[in-house]
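A.B. asks: This structure is in structure tokens; I'll ask about it shortly.
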Amino acid sequence: MVSELPWNSKTGTLKRELAEGMMDPSSRQALEAAVRLAGSAGSDGVTITALSMGPPMAEEVLYQALSLGADRGVLLTDRRMAGADTYLTSFVLAAYIRKYAPDTDLVLCGSQTSDSETAQVGPQLACELDIPAIGWASDIRLSGRTVTVCRHVDDFMETLEMDLPGLITVDQGAFSPAYATLGGVQEAFDTTDAVRILDAAALGLDDGFNALKDSPTRIIDVYSPTTEKENRILKGAAKTVVDQLFKDYGKVISSAMGKDLKTK
Amino acid sequence: MEKQNTQETLRDIWVLGDYRNYFQSRVTLQILARARALAKGTGGRVCALVFGHGVDEYAREYIAHGADLVYVMDDPRLADYSVQTYSHLLTCLAADHQPEILLIGATRFGQEIAPRTAKALKTGLTADCIDLEIDDKDRLVQIAPSFGGNLIAKIITPAARPQMATVRPGTFQERPHDDLAKGQIIRLEVPEDLPEERVRCIRSAYKPAKAQGIEKADIVITGGRGMGSKRKFKKLFDLARVMNAEVGATRPVVYADWISHDALVGQAGKHIRPKVLFSFGISGAIQHTAAVTDADFIVAVNKNPNATMMKMADVAIVADANQVCSGIIRAIKEKIRD
Ligand SMILES: Cc1cc2nc3c(=O)[nH]c(=O)nc-3n(C[C@H](O)[C@H](O)[C@H](O)COP(=O)(O)OP(=O)(O)OC[C@H]3O[C@@H](n4cnc5c(N)ncnc54)[C@H](O)[C@@H]3O)c2cc1C
Ligand SMILES: Nc1ncnc2c1ncn2[C@@H]1O[C@H](COP(=O)(O)O)[C@@H](O)[C@H]1O
């Protein structure tokens, strides 16, 4: 049995901001789920592949995945993959799985808490592969070729079942990850050849393929949010500003509290 | 499924009716309100879609909240929410009737059904729009946070149809219930040959997440990384107690485990609309602020007067968050009359 882990490799603010590491937290939990499943009874001989579509620097993230329990890493990287929206991202990931790992039993994705937080790549990948999918898993159990998933969605507690092959996205917080020690990462770097790098041609995508051009959505404008609120600035010692606050805005606060405040 | 006159349907705006958690989530009604406004620009009708069994009351409800037309597929086989079956039906319907726009609430269900439907229809989908507009070329402009949230992107779907977007609950304000609103209910036949269900539901029980006052609270106190530490953050709970308020937090705070994930305010968390919002030590990244713009009155406390949160506040207090928090607790205790 082989497990594939689509790996979110998008670099950017979020990863740097997270003090613990550079990995996208949702994908990291998906890896943790894979590792636990591989370690559960009756799962001998499972191979976990960490799969990422991203820029060349995402290779580092795949080494980190190796140190966290993946058996191998695959980086899909190509200029022509840049600018993919979720429609194209899921298309490229599926192209790899179809060509190089058609026997994949289970695909695990993060749910939505990745950098872009669309929660779209997992479901769309399942459509591409034409396999059943369950989102927001908080518990996953494997018995033979049947997988049982518990999840809490829209105020419903559900237990769902499907036969493999299938795709699961794991809920934020459900699979708290093990942490990589620096030594582990170093060790992973020493295992050569564990990360494979493939471009668009290697996936069999035709010459005209261009993710940016082929994506059905297009960004037409990007701007920073501004606000037009007139704002009052209070400065000074804490006592002074608090007094000022209640003097001028005590009414607003007390009416929201539904209580009467002395004005004095 | 009967074919409609395409000339007529081409401009229609569709809204998926998501009623399962009706009393907790009003997102369908909120989107209907926005769709109504958009329809002024497109000249099309606002249509809601309802899949299920015994769902007439929802169809009527959607008309009372702004739908011109409701397509209903009512069948015992549709009694349980199914991502696979509903998205199959939605895909077939959309392919037949060719709506111009398809909007779906970003409930968990909506977040599963929307990407599948978009994929099957070979069209684009923008997640979690904070606004929707129609431009001068009659295209849907999907406005959503991007690039780590420091920026907002305007996204279009130039060629593929329908133009699809999901919208977080709480983003738009629903229209008041109008019993006199006129609308048409069209019952569509459910095909005999539904695809075999590949995900089997073993158990499903209504179990609301523990009381989440924050979305309904009149006063919300939010704290960010600027509170400094878990211990200092606790002071916000004291303030909440004297004010009868709820406490919310930014993502770094939740990740640092100063408070549970339930308290997350922002795109990944709750959308709030309190009468008064106190914001302590929060910079104001768009993923956070997108969910607080409906606060009637904002008091922000930050050492940095240039923080975005300070710019959007009614009152911006340039000071140490901890000291101001303690000061307010003291002031309230003095002033309160029971
Ligand atoms: C896909 C995605 C989704 C996200 N979703 C969310 C979300 O739902 N909700 C959310 O909140 N964030 C979300 N984020 C994170 C968001 O981008 C910001 O990183 C986060 O909101 C910043 O939190 P903060 O303001 O607490 O921290 P910082 O940005 O670090 O700000 C701390 C502030 O405290 C001030 N400060 C420091 N010391 C003091 C002091 N003693 N007194 C007063 N002020 C002080 C500083 O001047 C600064 O302005 C998301 C990010 C991504 C990429
Ligand atoms: N470029 C990518 N490469 C591999 N996996 C991805 C990529 N983008 C998204 N995913 C997967 O899809 C999940 C959800 O991402 P998103 O749809 O962007 O919210 C992530 O947690 C990943 O598991």
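In the order they appear, the protein sequences are chains A and B. For the first sequence, the numbering used here assigns the number 30 to the initial residue and increments by one for each residue that follows. For the second sequence, the numbering used here assigns the number 143 to the initial residue and increments by one for each residue that follows. Cβ coordinates follow ideal geometry from the N, Cα and C atoms, glycine included.
#1: Between the stretch 420-439 of chain B and the stretch 462-469 of chain B, are three or more C-beta pairs nearer than 8 Å?
#2: Determine, using beta carbons only, whether Thr299 (chain B) and Pro152 (chain A) come nearer to each other than 7 Å.
#3: Give a single yes or no on whether Ser402 (chain B) has its beta carbon closer than 6 Å to a heavy atom of ligand 1.
#4: Grab me the residues of Val64 (chain A)'s own chain with a C-beta within less than 6 Å of its C-beta, minus the 5 sequence neighbours each way, in chain order.
#5: What does DSSP give as the partner residue(s) for Trp156 (chain B) in the beta ladder?
#6: With C-beta atoms as the reference, is Glu88 (chain A) less than 7 Å away from Leu104 (chain A)?
#7: I'd like the span of the beta strand (DSSP E) that includes Tyr252 (chain A), first residue to last.
#8: How big is the Cα-Cα spacing for Ser371 (chain B) and Ala391 (chain B)?
#9: Going along chain B, which residues have a C-beta under 7 Å from Ile163 (chain A)?
#10: As a quick exercise: from B:Pro447, B:Arg383, B:Leu282 and B:Cys271, pick the residue whose alpha carbon is nearest that of Arg472 (chain B).
#11: Do Glu190 (chain A) and Thr177 (chain A) have their beta-carbon atoms positioned less than 7 Å apart in this structure?
#12: Closer than 8 Å between beta carbons: that is the criterion. Which residues of the stretch 236-251 of chain A meet it against chain B?
#13: So is Asp154 (chain B) in contact with chain A if we call contact Cβ pairs under 7 Å?
#14: Arg258 (chain B) and Cys138 (chain A) - do their beta-carbons sit closer together than 7 Å?
#15: Tell me the residue span of the beta strand (DSSP E) that contains Pro152 (chain A).
#16: Specify, as a first and last residue, the run of the beta strand (DSSP E) that Lys264 (chain A) falls within.
#17: DSSP state of Thr249 (chain B), grouped into three classes?
#18: Please go through the same chain and pick out, in chain order, the residues whose beta-carbon is closer than 7 Å to the beta-carbon of Gln315 (chain B), but skip the five residues on each side of it.
#19: Apart from the five residues just before and just after Gly50 (chain A), which ones in its own chain have a Cβ nearer than 6 Å to its Cβ?
#20: Establish whether the CB of Ser81 (chain A) and some CB of chain B are separated by less than 7 Å.
#21: Considering only the beta carbon of each residue, do Arg180 (chain A) and Ala166 (chain A) sit closer than 7 Å?
#22: Give the DSSP-derived three-state secondary structure of Tyr161 (chain B) in the structure shown.
#23: Determine whether the Cβ of Leu290 (chain A) lies closer than 7 Å to any Cβ atom of chain B.
#24: For Tyr348 (chain B), tell me which candidate among B:Asn163, B:Phe375 and B:Ile155 has the shortest Cα-Cα distance.
#25: Are the stretch 240-250 of chain B and the stretch 204-213 of chain B touching by the rule of at least three beta carbon pairs closer than 8 Å?
#26: In terms of DSSP beta bridges, what is Phe185 (chain A) paired with?
#27: List the residues that DSSP assigns as beta-bridge partners of Gln226 (chain B).
#28: Using a C-beta cutoff of 7 Å, does Ala458 (chain B) count as contacting chain A?
#29: Exposed or buried, what is Ser172 (chain A) when buried is set at 16 or more other beta-carbons lying within 10 Å of its beta-carbon?
#30: If you count every other CB in all the chains shown that lies within 10 Å of the CB of Ile160 (chain A), and 16 or more means buried, which is it?
#31: Per DSSP, Pro287 (chain B) forms a beta bridge with which residues?
#32: Determine contact between the stretch 177-185 of chain B and the stretch 321-331 of chain B, defined as no fewer than three beta-carbon pairs at a distance below 8 Å.
#33: Using a threshold of 6 Å, is the CB atom of Arg310 (chain B) nearer than that to any non-hydrogen atom of ligand 1?
#34: Quick one, which residues of the stretch 261-274 of chain A are near chain B if we go by CB-CB under 7 Å, in chain order?
#35: Closer than 6 Å to a non-hydrogen atom of ligand 2 - does that hold for the CB of Gln149 (chain A)?
C.D. replies: Result, derived from the coordinates:
#1: yes
#2: no
#3: no
#4: Gly98
#5: B:Cys189 and B:Leu244
#6: yes
#7: Arg247 to Tyr252
#8: 13 Å
#9: Val341
#10: B:Arg383
#11: yes
#12: Ser244, Pro245, Thr246, Arg247, Ile248, Ile249, Asp250 and Val251
#13: no
#14: no
#15: First-last for Pro152 (chain A): Val150 to Leu158, but that is the alpha helix (DSSP H), not the beta strand (DSSP E).
#16: Arg261 to Lys264
#17: coil
#18: Gln172 and Ala175
#19: With a pLDDT of 36 at Gly50 (chain A), under the threshold of 50, the predicted position of this residue should be treated as unreliable, and no value is reported.
#20: no
#21: yes
#22: coil
#23: yes
#24: B:Asn163
#25: no
#26: A:Val182 and B:Tyr348
#27: According to DSSP, which records beta bridges pairwise, Gln226 (chain B) is partnered with nothing at all.
#28: yes
#29: exposed
#30: buried
#31: B:Ile294
#32: no
#33: no
#34: Arg261, Ile262, Leu263, Lys264, Ala267, Lys268, Val270, Val271 and Leu274
#35: yes
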